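Here is the structure we will look at.
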Amino acid sequence: MKLRLHVHHVRSGGWCADIDDDNDRQPDDPYWCVDAWPTLESALAAGCAQLAELARITAPSRVSGYYEPALAA
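To get my numbering, take the position in the sequence shown, counting from 1, and add 78.
Below, the structure is given as structure tokens:
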């Protein structure tokens, strides 16, 4: 499984970081997401740390725990 870190600027200010996989790259059900980072650097650092943690887990779970099989097709 390939996990990817995405960092986005939030309109109201700050940064959002989320981790998705190849099956569902949309941010609607990530493996991890936080949208309260004040700087880009803090969002990247936190996201990279979480990505390293998820890489150690054999089968990480999504935030909602729901997986849509049709997205894997």
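Just so it is clear, CB atoms sit at the ideal spot from N, CA and C, and this is done for glycine as well. All of these numbers come straight from a predicted model, not from anything done at the bench.
Three-state secondary structure (DSSP) of Ala-95: Secondary structure of Ala-95 (DSSP, three-state): strand.
Cutoff 6 Å; reference Trp-110; Cβ partners in own chain excluding five residues on either side: Ile-97 and Gln-128
Range of the contiguous beta strand (DSSP E) that encloses Ala-114: Segment 110-115, the beta strand (DSSP E) holding Ala-114.
Test item: CB-CB of Trp-93 and His-86 under 8 Å: yes
Alpha-carbon to alpha-carbon, Arg-134 and Asp-113: So the alpha carbons of these two residues sit roughly 23 Å apart.
Limits of the alpha helix (DSSP H) - the one that Ala-124 falls within: 118-133
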